[in-house]
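Chemist: If you're matching positions, the sequence shown starts at 0 in numbering that gives the first Met the number 0 and goes up one per residue.
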Amino acid sequence: MIEVLTGFSVVVVVIAVGYLLGRTDALGAGARRALANLVYLVATPALLFNILLDTDPREIFSANFLVIAVSALLAGFLGFLLLRLRGSTAPDSLIGMLASSYANAGNLGVPLAVYILDDAAAVIPVILFQVAFYAPVTLTALDMLHSSKQSNLLRNLLLAFRNPMLLAALAGLAIGFLRIPVPVILSQPVAILAGASVPLALLVFGMSLVGSKVSLTGDVVLVVALKNLIHPLIAGLLAYFVFGLGGHALFTLVVLGALPTAQNVLTYALRFRTNETLARDTGVVSTLVSFPVLVVVSILLGAR
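Structure, rendered in structure tokens:
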């Protein structure tokens, strides 16, 4: 328990440093975007690849993967249904579905996995499911609802496979399955770049909090409740009662379910000009709410 709470403290302190950097504009204009691109394009893919070099691929595609996928789909469908009942259009409800269940597994999930779960590999199934399946299928549905002439699943899959985190994860999995030896000239530079992922991601997150303004509408409160409370609850119930998981495995899956809404959802909303305000506000509010929720989860389940 002490290790978990200490990990939380480390995360909060580094985020606070990032907030101060952003608040004082110490790094100059454009610093947040530049650092965010570095994290997204280089550091986090390097970290995922580096982790998978020492991870048995069979551990990735286990009961954990099924719990992650099914819990996200159930929470998302519930979000879609409730928003439709509240009068939202189908496209708006699809964005709400993603906001209810699409987790920030990269920028925030990786650092939290390192410091709270002591296992950065825990987020890899989330990234694989979301980027390779959940996003392409949902974007195709949005395409169809917008009567796009270019609407097809293959195009959205190809778009997903441009994601550097997915490419790094797939490369690492392939090397693990095929047991290909990795030369030091490759593994060492990757390890060095991987070391930058966690601190930079936390700093960028702290910087992103500067000037954040939200509107707590009924839809935002509903979606945040689904993402931060119902999603982890579904994951925990599935893990415990359906798959018989307990201990650290149960703790891990509940933490992953409680991660806030990913910024990708806002990107998709902007792309289709659909429910942009909900996507933006949910991303901010769910992130702030996730910290007390994760502390409570850690107190209840984190003792090992």
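Glycine included, C-beta positions come from ideal geometry on N, C-alpha and C.
All of these numbers come straight from a predicted model, not from anything done at the bench.
Can you tell me the Cα-Cα spacing of S241 and G235, whole angstroms?
Modeler: One point to set straight first is that residue 241 is Val, not Ser, in the sequence displayed. About 10 Å.
Chemist: Quick one: measure Cβ to Cβ for V66 and L252, integer angstroms, because I've assumed they're closer than 8 Å.
Modeler: Rounded, the Cβ-Cβ distance is 5 Å, consistent with contact.
Chemist: Can you name, in chain order, every residue of its own chain whose Cβ lies under 6 Å from the Cβ of V197, other than the five neighbours on each side?
Modeler: Contacts found: P110 and V113.
Chemist: I'd like the span of the alpha helix (DSSP H) that includes P135, first residue to last.
Modeler: Here the alpha helix (DSSP H) through P135 covers A134 to L144.
Chemist: Quick check on this structure: which residue in A28, S61, F60 and Y133 has the alpha carbon closest to the alpha carbon of A261?
Modeler: Here the closest residue by C-alpha is Y133.
Chemist: Pull the bridge partners of A102 from the DSSP assignment, please.
Modeler: In the DSSP output, where bridge partners are listed per residue, A102 has T260.
Chemist: Assign Q129 to buried or exposed, taking buried as 16 or more other Cβ atoms, counted over all protein chains shown, within 10 Å of its Cβ.
Modeler: The residue in question, Q129, is buried, as its Cβ has 16 or more Cβ neighbours within 10 Å.
Chemist: How long is the line joining the alpha carbons of P163 and V181, rounded to whole angstroms?
Modeler: About 19 Å.
Chemist: Could you please give the first and the last residue of the uninterrupted alpha helix (DSSP H) stretch that includes D218?
Modeler: Counting along the chain, the alpha helix (DSSP H) containing D218 begins and ends at G217 to A224.
Chemist: Please report how far the alpha carbon of V38 lies from the alpha carbon of I14, in whole angstroms.
Modeler: So the two alpha carbons sit approximately 15 Å from each other.
Chemist: In angstroms with no decimal places, state the Cα-to-Cα distance between T281 and V223.
Modeler: Cα-Cα distance, rounded: 6 Å.
Chemist: Return the chain-ordered list of same chain residues with a C-beta closer than 7 Å to the C-beta of V183, the five sequence neighbours on each side being excluded.
Modeler: Excluding positions up to five away in sequence, the list is empty.
Chemist: What residue does the alpha helix (DSSP H) around L116 start on, and which one ends it?
Modeler: No alpha helix (DSSP H) holds L116; DSSP gives it neither H nor E.
Chemist: If you follow the alpha helix (DSSP H) that Q187 is in, where does it begin and where does it stop?
Modeler: Looking at the DSSP string, the run of the alpha helix (DSSP H) that includes Q187 is V183 to A193.
Chemist: Hey, A170 and F48 are a contact pair by Cβ (cut 8 Å); roughly how many whole angstroms apart?
Modeler: Right, their Cβ atoms sit about 6 Å apart.
Chemist: Give a yes or no on contact between the stretch 153-167 and the stretch 83-90, applying the rule of three or more CB pairs nearer than 8 Å.
Modeler: Flag = no, the stretch 153-167 and the stretch 83-90 do not touch.
Chemist: How would you label A42, buried or exposed, when you count the other beta carbons within 10 angstroms and need 16 or more for buried?
Modeler: Buried, because 16 or more other Cβ atoms sit within 10 Å of the Cβ of A42.
Chemist: If you reduce the DSSP assignment to three classes, tell me which class L232 lands in.
Modeler: Residue state, collapsed to three classes: helix.
Chemist: Evaluate the contact criterion for the stretch 66-76 versus the stretch 93-103: three or more CB pairs, one atom per stretch, below 8 Å.
Modeler: Touching, yes, given that three or more Cβ pairs across the two stretches are closer than 8 Å.
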